[in-house]
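Residue numbers (the numbering used here), protein chains in the order written: chain A, 126 to 514; chain B, 112 to 496.
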């Protein structure tokens, strides 16, 4: 069994060109598949890493995004005082927030893009516990100061610590830059809500309240208290669920297109692989017939052809996977999330799981691509084979 | 044409290989077709933008409103031929998933400003006569099976409920079509006067203005004049040509579009590389037969042409077949109407694809054919293969 397979592989160098083409073909397909799935994975990760199950988001009832929501100051106080909300020495861990959009030029194209500007209260830093100031400092309350997310600073022009940006009639000074473990907040610019409200003529209305719960289990109690309160008309969700919902449109788009492309690619690669393996078998018809004349059964022959095909595919898969990892992992991109009408910056993520799937995919192509030629080789009448050239 | 049987015999020599090569090329060009449609869909706004129209929006961002009173002041600026406004209503029909753009507009002025929305006179008259009337594009009407006379409820998280009613309701008085292939027929327009009367927030405020200018060459100057008119006011404006405005949006989707394109491009070329190599190989294998042909009296150029014809035949059949199937699938429907309002395969993609198929055929067959042609007959016959 194995001796034939080894014999086959040892003659591989004679078929360098064909083998090489097969490997390149599969490498291309695998590389591209990994690239496309890395986009979806990167986007998904940005959206989910931002969401914590013990943080709840409260919007006005019926609002589907923060921008379409509106909450009065009294309502935000009631929400902060609800049972289930964690407290510290300063009071409830809650942040009533405002979400608006400003236009800033993208670094890559110079054209304007919608950038999220979020007004937060000081509690926001404890509610979302993955915020780290990496440069400068937090903004001081009551001042026209802003801090920029690392993703936003990378994607849009003019967001450096120490600079100022002109938004409408107001001048804002950039005093710090923050990271949020790769989450959505990194695509945003943060300011003090109390300063943002008058700048946008919002009076004393907010749009969302983010609270930290005492534990993930406290969510039910928190939600019931607020939804049964006749004075409030609110929608309460866990932050993780909220973000998952906010990313459905873009994720669905990328996944639909990604899966469709992958399927077509797989077909194309399969036909290419089949072609190559058929040629490989055809080129060695006489050798295979000789082996069978010598007494080797059909089994070892089939096995040897399959081995060759699978090994070539795995080689292609590894090549493509490595290339994709080197080229794509960590590659930064940004796109518009139609649901929040603003930019989300994210990084491509090539995970081991993804590479594993891609490799499995390549092996499958190799198997299917090798099976039919192998069977044909095994069933060839020996006399005809020996006569062939 | 008398060589057709010879050509056919060559193709049938290794039926399986021909079929597989044909199929790889077919799939690759199907991908190319879809890429063309995707590219068009993501950039449709730009190619359909009016040459003589400018968009005036709030300087800070599109989501900020402008006073309706600006209309008269913009009209007064020399060079401006017509002005009308639109506002983002953000109405939801049953479920946010059913998204389509809906806007209150000034009916008469709107239809004059956008001649690409084609509406018959009866419908236009009905719209001018019905306060709660609305017109909807063919794509959305088909998507939800709406007909003229239907009453459509929309709920608006931003604008709340209308005065004296439980929800916003509109009567469809007309369905508009697009004048050109790429026109967006997914939008829903209703009357601003009804909107202004019934809304309870931000009365007197609109979303953005569209300005028609008499001379497209003066776009930059007039834009500057408009912005200058409102500089240092509480509502500063930013004016740009409609094409630039659409381009800005296309570039916001930006990176994703470029990446998708690059990805599909890479796949396309990889598949073609493999197919091309196989075709070249099949020519090399038949060196002896080419030698026979030459011995029989076929001239060198004739042999070259025969080989090229064969490789081009596979490439063109596979290529045009793949493009054709892609076109059929795309024409049958839009898989994501809420994200890509316009979805079709543009003619220049079809032409480009066909040209590429021909190029593939030539490239794959050229080198081995030329080499075979130059061989001495005796060498060719000795080659075997």
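For glycine and all other residues, C-beta sits at the position ideal for the given N, C-alpha and C.
| query | Measuring CB to CB, does residue 453 of chain A end up less than 9 Å from residue 475 of chain A? | reply | In the first chain, counting from the first residue as 1, residue 453 of chain A sits at position 328. In the first chain, counting from the first residue as 1, residue 475 of chain A sits at position 350. Contact: yes.
query: Quick one, which residues of the region 387-401 of chain A are near chain B if we go by CB-CB under 8 Å, in chain order?
result: 389, 390, 392, 393, 394, 396, 397, 399, 400 and 401
- Task: Using DSSP bridges, identify the partner residues of residue 247 of chain B.
- Result: The sequence position of residue 247 of chain B within the second chain is 136, counting from 1. Looking at the DSSP assignment, residue 247 of chain B forms a beta bridge with B:286 and B:299.
| Between residue 475 of chain B and residue 135 of chain B, what straight-line distance do the alpha-carbon atoms span, to the nearest angstrom? | As a working note, residue 475 of chain B is residue 364 in the second chain. As a working note, residue 135 of chain B is residue 24 in the second chain. Distance between the alpha carbons of residue 475 of chain B and residue 135 of chain B: 14 Å.
For the region 400-427 of chain A, which residues have a beta carbon sitting closer than 7 Å to at least one beta carbon of chain B?
-> 400, 403 and 404
Using a Cβ-Cβ cut-off of less than 7 Å, list which residues of the region 157-186 of chain A approach chain B; keep chain order. 157, 160, 161 and 164
Is there a Cβ of chain B sitting closer than 9 Å to that of residue 294 of chain A, yes or no? Your numbering for residue 294 of chain A matches position 169 in the first chain. Interface residue, yes.
- prompt: Are the CB atoms of residue 442 of chain A and residue 488 of chain A nearer to each other than 9 Å?
  reply: The residue labelled residue 442 of chain A in the question sits at position 317 within the first chain. The residue labelled residue 488 of chain A in the question sits at position 363 within the first chain. Yes, Cβ-Cβ distance for residue 442 of chain A and residue 488 of chain A is below 9 Å.
**Study point:** chain A contacts from the region 160-176 of chain B (Cβ-Cβ distance under 7 Å)
**Key:** 170, 171, 172 and 174
| field | chain A contact residues for residue 101 of chain B, given Cβ-Cβ distances below 7 Å | value | Since the first and last residues shown for chain B are 112 and 496, residue 101 of chain B lies out of range.
Open item on the list: With a threshold of 8 Å (Cβ to nearest heavy atom), would residue 196 of chain A be considered close to the ligand MG?
Closed with: Looking for the ligand MG in the displayed structure turns up nothing, as the structure carries no ligands at all.
Subject >> Whole-number beta carbon distance between residue 273 of chain A and residue 299 of chain A, since they are thought to touch under 8 Å >> reply: For the purposes of this step, residue 299 of chain A is taken as residue 174 along the first chain, with counting starting at 1. For the purposes of this step, residue 273 of chain A is taken as residue 148 along the first chain, with counting starting at 1. That pair is a contact at about 6 Å.
**OP:** Output, in sequence order along the chain, the residues in the region 188-215 of chain B whose CB is closer than 9 Å to any CB in chain A.
**Re:** 201, 203, 207, 208 and 210
Starting from the beta carbon of residue 465 of chain B, find every residue of chain A whose beta carbon is closer than 7 Å, and list them in chain order. Looking up residue 465 of chain B in the second chain gives position 354. Within 7 Å Cβ-Cβ: nothing; residue 465 of chain B doesn't reach chain A, min ~19 Å.
Spatially closest choice to residue 193 of chain A from B:187, B:115, B:266 and B:408, by CA coordinates | Against the first chain, residue 193 of chain A aligns to sequence position 68. Considering only alpha carbons, the answer is B:266.
### Query
Which chain A residues sit within Cβ distance under 7 Å of residue 134 of chain B?
If you number the second chain from 1, residue 134 of chain B lands on position 23. Those within 7 Å of residue 134 of chain B in chain A are 396.
- Message: If you reduce the DSSP assignment to three classes, tell me which class residue 496 of chain B lands in.
- Response: Counting from one through the second chain, the residue named residue 496 of chain B turns up at place 385. Annotation note: pLDDT 47 at residue 496 of chain B (below 50); position unreliable, coordinate value reported separately. Here residue 496 of chain B sits in coil by DSSP.
Checklist entry - Thinking C-beta only, is residue 348 of chain A closer than 9 Å to residue 218 of chain A? => result The residue you call residue 218 of chain A lines up with position 93 of the first chain. The residue you call residue 348 of chain A lines up with position 223 of the first chain. Taking 9 Å as the Cβ cut-off, residue 218 of chain A and residue 348 of chain A do not qualify as a contacting pair.
### Beta-carbon spacing of residue 283 of chain B, residue 269 of chain B below 9 Å
Numbered from 1 along the second chain, position 172 holds the residue referred to as residue 283 of chain B. Numbered from 1 along the second chain, position 158 holds the residue referred to as residue 269 of chain B. No, the pair does not count as a contact, with Cβ atoms beyond the cut-off.
Bridge partners - residue 214 of chain B, DSSP secondary structure assignment = By one-based count along the second chain, residue 214 of chain B stands at place 103. B:300, per the DSSP bridge assignment.
C-beta contact flag for residue 200 of chain A and residue 357 of chain A at 9 Å
Looking up residue 200 of chain A in the first chain gives position 75. Looking up residue 357 of chain A in the first chain gives position 232. Going by C-beta atoms, residue 200 of chain A is nearer than 9 Å to residue 357 of chain A.
Note to self: To be precise: take each residue of the region 323-347 of chain A, compare its Cβ to all Cβ atoms of chain B, and keep it if any distance is under 7 Å. Which residues remain?
What the structure shows: none
Measuring alpha carbon to alpha carbon, tell me which of B:145, B:431, B:427 and B:401 ends up nearest residue 418 of chain B.
For the purposes of this step, residue 418 of chain B is taken as the residue at position 307 of the second chain. Closest option to residue 418 of chain B, Cα to Cα, is B:401.
Determine whether the Cβ of residue 476 of chain A lies closer than 9 Å to any Cβ atom of chain B. Residue 476 of chain A sits at position 351 when you count from the first residue of the first chain. No, its Cβ sits nowhere closer than 9 Å to a Cβ of chain B.
Which runs of the beta strand (DSSP E) fall wholly inside the region 430-461 of chain B and span at least 3 residues, in chain order?
-> none
Cutoff 7 Å; reference residue 457 of chain B; Cβ partners in own chain excluding five residues on either side: To locate residue 457 of chain B, count along the second chain from 1; it is residue 346. These residues qualify, in order along the chain: 147 and 151.
task = Tell me whether residue 256 of chain B sits in a helix, a strand or coil according to DSSP, three-state version.
result = Within the second chain, numbered from 1, the residue matching residue 256 of chain B stands at position 145. Coil, per DSSP.
### Message
Are the CB atoms of residue 397 of chain A and residue 389 of chain B within a distance shorter than 9 Å?
### Response
As a position in the second chain, residue 389 of chain B is number 278, starting the count at 1. As a position in the first chain, residue 397 of chain A is number 272, starting the count at 1. Contact flag set, yes.
Once the 5 residues before and after residue 199 of chain B are set aside, which same chain residues still bring their CB inside 6 Å of it? Counting from 1 along the second chain, the entry for residue 199 of chain B is found at position 88. Counting only Cβ-Cβ distances below 6 Å, and skipping sequence neighbours, we find 318.
For this session: Check whether the Cβ of residue 139 of chain B lies closer than 9 Å to any Cβ atom in chain A.
Result: Start at 1 with the first residue of the second chain, and residue 139 of chain B comes out as number 28. Closer than 9 Å: yes.
Q. Do the region 263-277 of chain A and the region 304-318 of chain A make contact, defined as three or more Cβ pairs closer than 8 Å?
A. yes
Indicate the three-state DSSP secondary structure (helix, strand or coil) for residue 516 of chain A in the structure shown. Since the first residue shown for chain A is 126 and the last is 514, residue 516 of chain A is missing from the structure and cannot be characterised.
What separation, rounded to the nearest whole angstrom, lies between the Cα atoms of residue 300 of chain B and residue 315 of chain B? Start at 1 with the first residue of the second chain, and residue 300 of chain B comes out as number 189. Start at 1 with the first residue of the second chain, and residue 315 of chain B comes out as number 204. Their backbone Cα atoms lie some 18 Å apart in a straight line.
Below 8 Å, can you find three or more Cβ-Cβ pairs linking the region 169-187 of chain A to the region 405-415 of chain B?
no
task = Please list the residues of the region 429-456 of chain B that have a C-beta atom closer than 8 Å to any C-beta atom in chain A, keeping them in chain order.
result = 446, 447, 449 and 450
Within 9 Å of any Cβ in chain A, is that where the Cβ of residue 482 of chain B sits? Taking the second chain and counting its residues from 1, the one referred to as residue 482 of chain B is at position 371. False, the Cβ-Cβ gap to chain A never drops below 9 Å.
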